[in-house]
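> Take a look at this one; I'll ask things after.
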Amino acid sequence: MEEQGKVKRATIFCASSPKAPQIYFDEAAQLTELLIEQGYGIVYGGGSQGLMGIVADTALQHGAPITGIIPRFMVDVEWQHKGVSDMRLVDTMAERKKTLIDMADAIIILPGSTGTMDELFDAMADKKLGLLHKPIAILNTNKFYSHLAQQLKLMVTEHFMTEKHLKTVFIADTPEELVEYLLQDSDSDNLTLEDGAVK
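Below is the structure:
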């Protein structure tokens with residue numbers, strides 16, 4: 002998995018809420034462990050709570066490289082994970098999102114709220130336009146994203162996008178399935194700007 006000494010980095014977008022059911026925490030930890038086993042370093046939103054916290058805790062427990070990207074206002078209210086030594090501060094949420102995407106070799110979406118949805122659709126829109134050439138994989142824990150999968154298919158049925166666009170994101174039902182996807186050649190799901198238009 003490592004190439005010329007370079008550790009591949011998986012950016013994980015996910016929730017900061019500590020109140021989600023335990024299954025979401027369990028699969029977030031399992032996925033993080035599987036990524037580390039395959040030589041990935043972790044990049045995430047820098048928080049200490051919720052799925053963000055469990056991703057960070059798991060990486061730290063395994064001695065894996067982990068980088069947090071967090072806006073300064075979140076540090077001011079002490080939302081950052083104090084065990085992550087490589088914590089990079091930015092000024093805005095938009096800068097945070099751009100940095101997280103730019104640093105990634107792979108983009109992973111775990112369950113979350115509006116912030117996670119914003120991050121997902123921003124990455125998907127850029128990939129649809131041929132501006133992003135990195136795998137995007139969603140972990141469908143507890144069928145959390147099943148309705149979203151139906152909505153995306155409806156977009157194709159109603160000709161707002163094409164089947165080719167739909168294939169730019171992979172929805173996995175298990176952590177094992179998601180990591181297996183990342184280990185495959187994903188060049189086929191990359192588009193060019195010309196592919197961005199519905200024809």
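Heads up, the sequence shown is in the working numbering, so the first residue is 2 and it goes up one at a time.
Even glycine gets a Cβ: it sits at the ideal position worked out from N, Cα and C.
1. What number of angstroms, rounded off, separates the C-alpha of Gly42 from the C-alpha of Glu34?
2. According to DSSP, what are the bridge partners of Leu90?
3. Here's the rule: buried if 16 or more other CB atoms are within 10 angstroms of the residue's CB, otherwise exposed. What is Pro72?
4. One question on the structure: do Glu164 and Val157 come within less than 8 Å of each other, judged by their Cβ atoms?
5. Taking the beta carbon of Ile37 as the centre, do at least 16 other beta carbons fall within 10 Å, making it buried, or is it exposed?
6. Out of Lys144, Met162, Leu179 and Asn191, which has the shortest C-alpha to C-alpha gap to Tyr25?
7. If you follow the alpha helix (DSSP H) that Leu121 is part of, which residue opens it and which one closes it?
8. When the distance is taken between beta carbons, is Ala105 closer than 8 Å to Val44?
9. Give me the DSSP bridge partner(s) of Gln185.
10. In chain order, what residues of the same chain have a beta carbon less than 7 Å from the beta carbon of Lys135, not counting five sequence neighbours either side?
11. So, at 8 Å on beta carbons, what are the nonlocal neighbours of Asp87 in its own chain, with the 5 sequence-adjacent residues on each side left out?
12. Measure the C-alpha to C-alpha separation of Lys154 and Leu121 and round it to an integer number of angstroms.
13. Do Ile172 and Asn141 count as a contact pair if the criterion is CB distance below 8 Å?
14. Assuming Ala16 and Thr115 form a contact by the criterion Cβ under 8 Å, report the distance between their Cβ atoms to the nearest whole angstrom.
15. Terminal residues of the continuous beta strand (DSSP E) containing Leu140?
From the atom records:
1. 11 Å
2. Ile71
3. buried
4. yes
5. buried
6. Lys144
7. Thr115 to Lys129
8. yes
9. Paired residues: none, contrary to the question.
10. Ala105, Asp106, Ala107 and Ile108
11. Pro66, Ile67, Thr68 and Gly69
12. 16 Å
13. yes
14. So it is not a contact: roughly 10 Å between Cβ atoms.
15. Ile137 to Leu140
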